[in-house]
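A.B. asks: Can you read through this structure? Questions will come right after.
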Amino acid sequence: MLHKIMAYKYEDDNIFAKILRGEIPNDTVLENEYALAFRDINPQRPHHVLIIPKGRYVSFDHFAKEAADDQIIGYIQAIGAVCDLLNVSIDNGDGFRMIANSGQHGVQEVPHLHVHILGGSSCGKMIQS
Ligand code: DGP
Numbered sequence: 807m808l809h810k811i812m813a814y815k816y817e818d819d820n821i822f823a824k825i826l827r828g829e830i831p832n833d834t835v836l837e838n839e840y841a842l843a844f845r846d847i848n849p850q851r852p853h854h855v856l857i858i859p860k861g862r863y864v865s866f867d868h869f870a871k872e873a874a875d876d877q878i879i880g881y882i883q884a885i886g887a888v889c890d891l892l893n894v895s896i897d898n899g900d901g902f903r904m905i906a907n908s909g910q911h912g913v914q915e916v917p918h919l920h921v922h923i924l925g926g927s928s929c930g931k932m933i934q935s
């Protein structure tokens, strides 16, 4: 039986790595030890923020499997804090959509884990048929 050996391969020349290194400017919404959140260059809703971990992770599955507990907690807490900053949390706002495009079928353009937080108007149905 053939076993496919796959490893997550992180490339340091991706655009979000350059943003993290300060080589490209960004419109920061929040930054902490574990994460950076900044506005998407091509916003699809009134609020469109990308949240990236500071570690070298390609995708959410990579992060979930290989990140340390404190990195995972810090990143998820940053996502919650961004929702509060944007006033899209469902306890005091109108909600949001969180998207983590991953790999080829997920149509991920930038190979550094990022979640999109979209809000400020309805995001419509979940996915195109
Ligand atoms: P995805 O398809 O999930 O990989 O989306 C990548 C997003 O990144 C896309 O919505 C556009 C955004 N983006 C690409 N380059 C830049 C950049 O240089 N700055 C910012 N702020 N966003 C970018």
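For reference, each letter of the sequence shown is one residue, going 807 to 935 in the numbering used here. Think of the CB as a built atom: it goes at the ideal place given N, C-alpha and C, for glycine as much as any other residue.
Can you have a look at S928 and say buried or exposed, based on whether 16 or more other CB atoms are within 10 angstroms of its CB?
C.D. replies: Exposed is the call here.
A.B. asks: So if DSSP puts M932 in a beta bridge, which residue, or which two residues, is it bridged to?
C.D. replies: BP columns for M932 are empty, so no partner.
A.B. asks: Taking the C-alpha atoms as reference points, what is the distance between I821 and I896?
C.D. replies: Counting only the Cα atoms, I896 lies some 31 Å from I821.
A.B. asks: If you drop the 5 nearest sequence neighbours on each side, which residues of the same chain put their C-beta closer than 8 Å to that of V835?
C.D. replies: A843, F844, R845, V855, V888, L891, L892
A.B. asks: What does a CB cutoff of less than 7 Å around Y881 pick up in its chain, not counting 5 residues either side in sequence?
C.D. replies: Y840, A841, P859
A.B. asks: Got a sec: does ligand 1 put a non-hydrogen atom nearer than 6 Å to the Cβ of I933?
C.D. replies: Relative to ligand 1, even the nearest heavy atom lies 6 Å or more away from the CB of I933.
A.B. asks: Counting only runs that start and end within the region 899-926, where is the beta strand (DSSP E) found for 3 or more residues in a row?
C.D. replies: Secondary structure in the region 899-926: the beta strand (DSSP E) runs of 3 residues or longer, each lying completely within the stretch, are 902-905, 921-925 in chain order.
A.B. asks: Buried or exposed: A884, going by 16 or more other Cβ atoms within 10 Å of its Cβ?
C.D. replies: buried
A.B. asks: So within the region 828-876, which uninterrupted alpha helix (DSSP H) runs reach at least 4 residues, ignoring any that extend past its ends?
C.D. replies: 866-872
A.B. asks: Assign A873 to one of two classes, buried (16 or more other C-beta atoms within 10 Å of its C-beta) or exposed (fewer than that).
C.D. replies: buried
A.B. asks: Is D846 near ligand 1, in the sense that its beta carbon is under 6 Å from a heavy atom of that ligand?
C.D. replies: At least one heavy atom of ligand 1 is nearer than 6 Å to the Cβ of D846, so yes.
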